[in-house]
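To convert a position in the sequence shown, counted from 1, into our numbering, add 679. Accompanying notes for the structure given below.
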Amino acid sequence: MKALIKISIVTSVVMLMSCAEILNTISQFELPVQLTEGEVANGLKEALKVGTNNSVDILSMENGFLGDDLLKIMLPKEASIITDNLSMIPGGDKLVDDVILRLNRAAEDAVTEAAPIFVGAITSMTITDAFNILHGGDNAATEFLKRNTYTELRELFQPKVTNSLDKKLIGTISTNDSWSILTEKYNTVANSLVGTIAGFQTIDVKLDDYVTLKTLDGLFIKVADEEKEIRKNPLKRVTTLLKKVFGELDKD
């Protein structure tokens, strides 16, 4: 009987020691701070606001598009035949450079109108959207924004682009005027005997459609870059809420 009592006491001591060791081990690891649904949603909204505002600020500066090799707007691909045959167009080099400059100035001018258009999509984000975005890819928030605003954004943005393209930037010449001069001179060559023999096709591109799409593409690329930085770079988390919400991702 005494032997059984001794065994029971030893077993109890061992079990108590094991529990103590387990608790001690657990205490060495800090449990992650639980985010409320509201914090997650508001954190993602803040991230999008910061990302879109930064993107608009950068792109709307002079040379925001023109000075960025990735986002610089070149002539439409249909116009590649112009650049391949500039020697046949009087003053062709200068005309092309002038149009490219003006395309990018138009984008830089028009992109300032984009920021308020994003507000509706950002404020309408649901709790489910927020959690999916938080644990999504580096551009999950940007893709959400693009998916939910692109059509409306294009419709609202295009008139701004058109107005910018029609703006008299130097003297009485607008971007559309420069494009018309360039394409008319090319089309004259294309419709000539030489052009017909060479098989040249005339160019009829709606410049406002083209620049709108290129401007939006550049804007979303820049927003995605900003989102990635917020996710990966603590220094980009400029508010307390961003630090808390995206700090949780660092622990994953």
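Where is the CB? At the ideal position from N, CA and C, for every residue including glycine. Owing to the predicted nature of the structure, the values given are computational and were not obtained by experimental measurement.
DSSP beta-bridge partners of residue i
{"i": "K847", "result": "S853"}
Residue environment, residue i, which counts as buried when at least 16 other CB atoms sit within 10 Å
{"i": "L754", "result": "buried"}
{"i": "L774", "result": "buried"}
{"i": "E906", "result": "buried"}
{"i": "I876", "result": "exposed"}
{"i": "V924", "result": "buried"}
{"i": "L872", "result": "exposed"}
{"i": "M740", "result": "exposed"}
{"i": "G746", "result": "exposed"}
{"i": "S759", "result": "exposed"}
{"i": "E885", "result": "First, the residue type needs correcting, since residue 885 is Lys and not Glu in the sequence shown. By the 10 Å Cβ count, K885 comes out exposed."}
Inter-residue Cα distance where the pair is residue i and residue j
{"i": "D888", "j": "R910", "result": "33 Å"}
{"i": "K825", "j": "D856", "result": "32 Å"}
{"i": "I806", "j": "V798", "result": "17 Å"}
{"i": "K751", "j": "N733", "result": "18 Å"}
{"i": "L813", "j": "K915", "result": "16 Å"}
{"i": "F879", "j": "L844", "result": "27 Å"}
{"i": "D788", "j": "D772", "result": "24 Å"}
{"i": "N721", "j": "E834", "result": "28 Å"}
{"i": "A726", "j": "K847", "result": "37 Å"}
{"i": "K839", "j": "V890", "result": "11 Å"}
{"i": "A800", "j": "G730", "result": "14 Å"}
{"i": "N827", "j": "I796", "result": "11 Å"}
{"i": "G717", "j": "A809", "result": "9 Å"}
{"i": "N870", "j": "T881", "result": "7 Å"}
{"i": "M804", "j": "G743", "result": "29 Å"}
Residue i in three-state terms, based on DSSP
{"i": "N818", "result": "coil"}
{"i": "D904", "result": "helix"}
{"i": "D883", "result": "coil"}
{"i": "T918", "result": "coil"}
{"i": "S759", "result": "helix"}
{"i": "S859", "result": "helix"}
{"i": "G926", "result": "helix"}
Practice task
Please specify which runs of the alpha helix (DSSP H), each continuous and at least 4 residues long, are wholly inside the region 709-757, giving them in chain order.
Solution key: 716-738
Handout entry: Length at least 4, wholly inside the region 767-815: the alpha helix (DSSP H) runs in chain order
Key = 771-789, 793-802 and 806-813
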